[in-house]
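S.K.: Position 59 of the sequence shown, counted from 1, bears residue number 59 in UniProt numbering, the numbering being contiguous throughout.
Okay, here's the structure, questions in a sec.
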Amino acid sequence: MTNIKRIIMIACTLLLVGGIGSIISYRFYEPTTLAVTKELENTEITAIEIDMQNEKVEIIPTNDPVPKVELTGTEDSHSSTELVVEEEDDILSIHTENEMGKWFSFNFFNSSRTLTVHLPEQEYQRLAVDISNGSLQAEDLMVKEVNVETKNGKVELSDIVSDSYQLRTYNGKINLENVEGELAARANNGAISLVTNNLDRNINFETDNGRIKIQSAKEPTNAVIDTKVNNGRVNLFGDSDYNTIVGDGDNLVKLSTKNGSITVTQ
Numbered sequence: 001m002t003n004i005k006r007i008i009m010i011a012c013t014l015l016l017v018g019g020i021g022s023i024i025s026y027r028f029y030e031p032t033t034l035a036v037t038k039e040l041e042n043t044e045i046t047a048i049e050i051d052m053q054n055e056k057v058e059i060i061p062t063n064d065p066v067p068k069v070e071l072t073g074t075e076d077s078h079s080s081t082e083l084v085v086e087e088e089d090d091i092l093s094i095h096t097e098n099e100m101g102k103w104f105s106f107n108f109f110n111s112s113r114t115l116t117v118h119l120p121e122q123e124y125q126r127l128a129v130d131i132s133n134g135s136l137q138a139e140d141l142m143v144k145e146v147n148v149e150t151k152n153g154k155v156e157l158s159d160i161v162s163d164s165y166q167l168r169t170y171n172g173k174i175n176l177e178n179v180e181g182e183l184a185a186r187a188n189n190g191a192i193s194l195v196t197n198n199l200d201r202n203i204n205f206e207t208d209n210g211r212i213k214i215q216s217a218k219e220p221t222n223a224v225i226d227t228k229v230n231n232g233r234v235n236l237f238g239d240s241d242y243n244t245i246v247g248d249g250d251n252l253v254k255l256s257t258k259n260g261s262i263t264v265t266q
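Structure follows, in structure tokens:
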């Protein structure tokens with residue numbers, strides 16, 4: 001009985017200490033509001049490079065003649081996030097720096113920050129986005145080359161005209177809607193979906209764990225559809241015996257998943 005009482009007393013003491021520590025931590029690291037806006041002067045920007053750590057990224061068009069960058073959200077009171085926006089020739093580079101540093105950081109509370117990039121409506125040469133922990137949402141853009149990589153976060157692109165896309169997620173979905181151009185997308189753990197007008201172009205989708213789903217307004221007229229599934233089903237326009245070579249087969253639609261289904265519908 002003595003040992004049991006001693007264990008109970010120790011447990012109560014630990015709970016008390018933990019509760020006091022949580023209160024102190026909350027007061028010390030109480031979340032604060034973050035709101036930073038930077039307007040650019042360069043109207044000749046043709047390439048955008050974004051490198052984020054723990055932020056959601058949104059890229060949207062604007063009627064203004066110059067780009068504008070906003071960082072909003074929360075952070076703890078003893079951490080200072082700096083928005084770094086650099087212009088070099090025709091390249092716009094954006095990243096964040098945390099003054100609390102890489103050496104000493106307690107993340108008791110989930111900070112939530114969003115980077116919003118307002119881009120004038122024009123054609124750009126290149127968009128490159130690299131995010132460690134955060135998602136990307138981009139819409140209504142004209143850019144010749146799109147390169148995106150996220151470690152933990154989904155990618156959503158809609159109404160974008162491009163020549164080519166290189167998209168990569170390690171843990172997160174890739175959702176594409178009304179995007180023009182050749183598509184290459186790979187997800188380790190996450191599904192890939194595409195809503196499109198046609199499939200007569202080169203498309204390469206690959207997942208390790210996640211389904212591939214494509215909805216096309218029209219069936220292909222000039223493509224080879226190459227599918228590979230280890231554990232899952234393949235359904236092409238509701239026909240398990242769908243002819244995988246259509247027309248001259250000039251375009252390759254390659255769909256591959258280890259664990260998941262492949263569905264292409266109209």
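Heads up, the beta-carbon is just placed ideally off N, CA and C, and yes, glycines get one too.
Just so you know, these numbers come straight off a predicted model, no measurement behind them.
1) For N188, which three-state DSSP category applies?
2) Note the first and the last residue of the continuous beta strand (DSSP E) segment covering N133.
3) On the DSSP bridge assignment, give the partners of F205 in chain order.
4) Skipping 5 residues on each side, what residues in its chain have a beta carbon closer than 6 Å to that of V36?
5) Leaving out the 5 sequence neighbours to the left and right, which residues in its chain are closer than 6 Å to A128 when beta-carbon positions are compared?
6) Report the partner residues of Y165 according to the DSSP bridge assignment.
7) From what residue to what residue does the beta strand (DSSP E) around D86 run?
8) Are D201 and N251 close, meaning C-beta to C-beta below 7 Å?
9) So, at 6 Å on beta carbons, what are the nonlocal neighbours of T227 in its own chain, with the 5 sequence-adjacent residues on each side left out?
10) In this structure, how does DSSP classify P65 when only helix, strand and coil are distinguished?
11) Between the segment 212-224 and the segment 154-172, do three or more beta carbon pairs fall short of 8 Å?
12) Is it the case that the Cβ atoms of P65 and L119 are separated by a distance below 7 Å?
M.R.: So, from the data block:
1) On the sequence shown, position 188 is the one that residue 188 refers to. Shown here, N188 sits in a strand according to DSSP, grouped into three states.
2) The residue you call residue 133 lines up with position 133 of the sequence shown. Annotation for N133: the continuous beta strand (DSSP E) segment containing it runs E123 to N133.
3) In the sequence shown, residue 205 corresponds to position 205, counting from 1. Under DSSP, the beta-bridge partners assigned to F205 are A185 and L255.
4) The residue given as residue 36 occupies position 36 in the sequence shown. Counting only Cβ-Cβ distances below 6 Å, and skipping sequence neighbours, we find L71 and L83.
5) In the sequence shown, counting from the first residue as 1, residue 128 sits at position 128. Closer than 6 Å at the Cβ level, and outside the excluded window around A128, lie E49 and N147.
6) For the purposes of this step, residue 165 is taken as residue 165 along the sequence shown, with counting starting at 1. Per DSSP, V146 and L183.
7) Here residue 86 refers to the residue found at position 86 of the sequence shown. For clarity, residue 86 is Glu in the given sequence; the question names Asp instead. That run of the beta strand (DSSP E) goes T81 to E88.
8) Taking the sequence shown and counting its residues from 1, one reaches residue 201 at position 201. Taking the sequence shown and counting its residues from 1, one reaches residue 251 at position 251. The displayed chain sequence assigns Arg, not Asp, to residue 201. Yes; because the gap between Cβ atoms is below 7 Å, this pair is in contact.
9) The residue given as residue 227 occupies position 227 in the sequence shown. Here the set comprises V234, L255 and I262.
10) Taking the first residue of the sequence shown as 1, we reach residue 65 at position 65. In this structure, P65 counts as coil in the three-state DSSP scheme.
11) Contact between the segment 212-224 and the segment 154-172 is absent, because fewer than three Cβ pairs lie under 8 Å.
12) The residue you call residue 65 lines up with position 65 of the sequence shown. The residue you call residue 119 lines up with position 119 of the sequence shown. No, they are not a contact pair.
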